[in-house]
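Numbering (our numbering), first residue to last: 32 to 270.
Cβ atoms here follow ideal geometry from the backbone N, Cα and C, with glycine treated the same way.
Worksheet for the structure shown next.
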C-alpha cells in the first residue's frame, strides 16, 4: 500500500465490468460496479484500495463523477458516508491535451474522523493560452492555500457538512456549494432617463442640421425639385 496515490486516468473509458469483479476486494464493499462505458470509479476505487490508512489520494476525473446517478451514485454515497472524500476541486477548462472539458480533483483519505467535504471552485485560476490554458505558480499556490485553510471563502471555497451533502442527495456538483454568481449592477432609472434625453437632443440637432443642408440643395429640373420638396416635408413631419 502507498502513502500517496496520484492518478490521472483516461476519462470515461470502457472496461469489462464483469460480475466477477463484485468479489474483488477492491470493489466488493460497494455492491455495484462502475458502468462499462465509464470506468472512472473503477480507477478511483483501485487507487483508493491501495492507499494506506494514513495516506492521501488525489485523482483527476471529469465533473460527471460528481453527480451521475445509478451505480456511480451508489459508489459515491458509500464513499461520502464513510468520510473518504476529503475535498473536491474544480479545475479550469482546456488544461489537458486530450480534452478541453473542465475536470475535477477529488482528494480522498482513509479512516478520518469527519465527513465534511471542502469544495473549491478553481475554474478561474488559469493563464489563457492560444490553444491551451495553463496554471501559473500563483494559481497553484492560491489553490493550495484554500485547500490547507479548509475554510469558507466567498465565491471560491465552501466547507460543506455531511448533513448538507446528504440533503443534496449526495450530489457533489460544485455550484451547489460554491456560489460564484456575480450580481449585475443595478440600472438607475433617473440616469437612464437622463441618457435618453441627451440622445434625443443629439438626434434633434442632427436632424435639424440635415434639414438645413437639404434646403441648400438645388435641382436641375422641376421633377427633382418637387421630389426634394416632398422629402423635406416628410423630414419636417417626422421631426
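Taking the DSSP output, what are the residues bridged to residue i?
i: residue 83; result: Its beta-bridge partners do not exist; DSSP assigns none.
i: residue 137; result: 90, 119
i: residue 37; result: 89
i: residue 127; result: 130
Taking C-beta to C-beta, are residue i and residue j nearer than 7 Å?
i: residue 94; j: residue 150; result: no
i: residue 76; j: residue 99; result: no
i: residue 92; j: residue 112; result: no
i: residue 69; j: residue 48; result: no
i: residue 88; j: residue 79; result: yes
i: residue 141; j: residue 203; result: no
Just the Cα atoms here: how many angstroms apart are residue i and residue j?
i: residue 121; j: residue 170; result: 13 Å
i: residue 176; j: residue 167; result: 14 Å
i: residue 258; j: residue 252; result: 10 Å
i: residue 178; j: residue 38; result: 18 Å
i: residue 234; j: residue 192; result: 60 Å
i: residue 34; j: residue 130; result: 29 Å
i: residue 32; j: residue 110; result: 19 Å
i: residue 229; j: residue 243; result: 21 Å
i: residue 209; j: residue 133; result: 16 Å
i: residue 237; j: residue 260; result: 19 Å
i: residue 172; j: residue 158; result: 14 Å
i: residue 146; j: residue 139; result: 11 Å
i: residue 136; j: residue 225; result: 51 Å
i: residue 96; j: residue 183; result: 23 Å
i: residue 156; j: residue 185; result: 15 Å
i: residue 143; j: residue 114; result: 7 Å
i: residue 195; j: residue 55; result: 32 Å
i: residue 174; j: residue 205; result: 15 Å
i: residue 197; j: residue 218; result: 39 Å
Comparing the CB of residue i with every heavy atom of the ligand MG, is any distance shorter than 6 Å?
i: residue 45; result: Only the bare structure without any ligand can be found here, which leaves the ligand MG out of the picture.
What residue ranges within the stretch 149 to 211 form continuous beta strand (DSSP E) runs of no fewer than 3 residues, ordered along the chain?
188 to 191
Pairs of beta-carbons, one from the stretch 104 to 122 and one from the stretch 60 to 71, closer than 8 Å: are there three or more?
They touch, by the three-pair rule.
Given 8 Å as the limit, is there contact between the stretch 146 to 163 and the stretch 113 to 127, that is, 3 or more CB pairs closer than that?
yes
Three CB pairs or more closer than 8 Å across the stretch 153 to 167 and the stretch 126 to 133
yes
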